[in-house]
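Count the sequence shown with our numbering and you get residues 9 to 326, in order. Idealized CB from N, CA, C, for every residue including glycine.
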Amino acid sequence: MNNIRVLPIVIMAVGALLVLKTMGLVTNGGYVLVGTSQAVAAGGSNASAANGEITLPSEPTITDQTPTIALSTPTMEVGASTDHTDPADASDATEAAGLPGLDDAPVVPDNVIVAENACAPVSLSAESDGPNPDGELTVLPPDCPLPSDALPKLLTSGGAVPMGSGIADTDQALLERLAARRAELESYEQELAMRASLVTAAEQRIEQRQETLQSIEAQIASLVEQRKEMEAGQFGAIVAMYETMKPKDAANIFNALDIEVLLRVAKMMSPRKMAPILAEMDTARAQDLTVRLASNSVDPLETMTPDALASLPQIVGQ
9 MNNIRVLPIV
19 IMAVGALLVL
29 KTMGLVTNGG
39 YVLVGTSQAV
49 AAGGSNASAA
59 NGEITLPSEP
69 TITDQTPTIA
79 LSTPTMEVGA
89 STDHTDPADA
99 SDATEAAGLP
109 GLDDAPVVPD
119 NVIVAENACA
129 PVSLSAESDG
139 PNPDGELTVL
149 PPDCPLPSDA
159 LPKLLTSGGA
169 VPMGSGIADT
179 DQALLERLAA
189 RRAELESYEQ
199 ELAMRASLVT
209 AAEQRIEQRQ
219 ETLQSIEAQI
229 ASLVEQRKEM
239 EAGQFGAIVA
249 MYETMKPKDA
259 ANIFNALDIE
269 VLLRVAKMMS
279 PRKMAPILAE
289 MDTARAQDLT
299 VRLASNSVDP
309 LETMTPDALA
319 SLPQIVGQ
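Structure follows, in structure tokens:
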């Protein structure tokens, strides 16, 4: 029985806290465990609470944490103080108002509306404090920018952008496009130069092949001429042999000889040597040879008609 049990003490403590919490919820957090104290407002040190009673708030107070914009323009004299200001603060403000150069410092407004009103045109007449009448000459206050026309805006994906602000960007984009175009033209010029070099090399190869073909053609022509000369020499020897034979023996051979060969031999033989041989030949053979010799002596162009001449192939220059 002398041992102290912890569980009943814990239960009593929890019950006491529960009672206090319930009282706080009922009285909106206004319960106190000590005696009442007197609250003194700022600037009211000489005033006393009536009958020593404390008025509790009916609802809990919530602190307003939203940001506010402080109005920096003074609305009253620096030295003036209200009943809620501390005498020490009032004396500090009075000493600050008496400092030299404080009134001369320019006041920079933080509010946009105040800044716009500060640069509003004012009348030249110092007596007119109200609105300026129509037709009166007005001037801008010092340290205010000159009025200018509104710049046109361009709608982009990022929103409305003044057209004047994008001049530098436009110039930069134009310069970049010009640089890209210049690089493209340089690459195209290099490609054209390479193609020109290839064409020049191909032309040189063609000229070399043409020279080779011309040399081969000249060699072939010289060989043909040599063969013709050799054949003409050999045939001339045959003709000389027939000229030395007796006319009767030569006529017997001519009667059995091919007409084309006979015609060629007859052309190369002298007429003085050919006449006795022709007299010993057969009559029909001699007539045929005479007709062929006469037909070969006539120029074929003289016997051709104009239609036959027009039907001949023509060489047209390129």
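- Counting along the chain, residue 259 sits inside the alpha helix (DSSP H) bounded by residues 255-264.
- Per the C-alpha coordinates, the member of 206, 289, 318, 276 positioned closest to residue 245 is 276.
- Nearest Cα to residue 151 within the set 253, 126, 229: 126.
- Shown here, residue 146 sits in a strand according to DSSP, grouped into three states.
- Residue state for residue 168 is assigned as strand, using DSSP reduced to three classes.
- Under the 10 Å beta carbon count, residue 163 is surrounded by fewer than 16 other beta carbons and is classified as exposed.
- Around the beta-carbon of residue 240, fewer than 16 other beta-carbon atoms lie within 10 Å, marking it exposed.
- For residue 16, the uninterrupted alpha helix (DSSP H) run begins and ends at 14-34, by DSSP.
- Assignment of residue 131 by DSSP, reduced to helix, strand and coil, places it in the strand class.
- When the five nearest sequence neighbours on each side are left out, the beta carbons in the same chain lying within less than 7 Å of the beta carbon of residue 282 are those of 274, in order along the chain.
- Pairing residue 262 with residue 297 gives a Cβ-Cβ distance under 9 Å.
- A contact is defined here as three or more CB-CB pairs under 8 Å, and the stretch 217-227 fails this definition with respect to the stretch 248-261.
- In the DSSP assignment, residue 163 is bridged to 168.
- Taking the Cα positions, residue 290 is about 17 Å away from residue 269.
- Annotation: the continuous alpha helix (DSSP H) that includes residue 276 extends over 267-276.
- Taking a 10 Å sphere around the C-beta of residue 285, we find 16 or more other C-beta atoms and assign the residue as buried.
- Residue state for residue 179 is assigned as helix, using DSSP reduced to three classes.
- At the C-beta level, residue 225 and residue 259 stay beyond 9 Å of one another.
- DSSP places residue 289 in the coil class of the three-state scheme, outside both helix and strand.
- The three-state secondary structure of residue 151, taken from DSSP, is coil.
- At least 9 Å separates the beta-carbon of residue 280 from that of residue 243.
- Around the beta carbon of residue 196, fewer than 16 other beta carbons lie within 10 angstroms, which makes this residue exposed.
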